[in-house]
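Peer 1: Have a look at this one before I ask anything.
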Amino acid sequence: MHLQFSPAAEADLVDIAAFIARDNVPRAFTFVDELEAACARLVDFPESGSARFDLRPGLRSRPHGSYVIFYSTLDRVIRIERILHGARDVGAILFSS
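Quick note on my numbering: the sequence shown kicks off at 93 and runs consecutively.
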């Protein structure tokens, strides 16, 4: 299996880094590294996340700190769909497009 980030997930990482960097630039870099490592671990354990089929068929989620990694699997690809703060209205965000 290999890992793929959606354009929205890539934008989420940039937004997360920018938000954290307002208070702590070094932590912004390390936290994004941690998020990327958590995403990479999904390649070895693709079913470790909770099924979120209530939001979208095939969608799973895995928490990391205050954030939630949303991903799907197709063939041999783990696709990171979004990385969102847990306090956000996930349903509204995922269905806004």
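Backbone N, C-alpha and C fix where the C-beta goes; we use that ideal spot for every residue, glycine too.
Below 8 angstroms between beta carbons: does that hold for residue 140 and residue 154?
Peer 2: Pairing residue 140 with residue 154 gives a Cβ-Cβ distance under 8 angstroms.
Peer 1: On the criterion of 16 or more Cβ atoms from any shown chain inside 10 Å, does residue 102 qualify as buried, or is it exposed?
Peer 2: exposed
Peer 1: Within a Cβ cutoff of 8 angstroms, which residues of the same chain sit near residue 178, ignoring the five residues on either side of it in sequence?
Peer 2: The residues 155, 158, 159 and 160, in chain order, have a CB closer than 8 angstroms to that of residue 178 in the same chain once the five nearest residues on each side in sequence are set aside.
Peer 1: Measure the beta-carbon distance from residue 119 to residue 108 and round it to whole angstroms, keeping in mind my assumption that it falls under 8 angstroms.
Peer 2: Their Cβ separation, rounded to whole angstroms, is 11 angstroms, which puts residue 119 and residue 108 out of contact at 8 angstroms.
Peer 1: How many whole angstroms separate the CB atoms of residue 175 and residue 127, which I take to be in contact at a CB cut-off of 8 angstroms?
Peer 2: 6 angstroms
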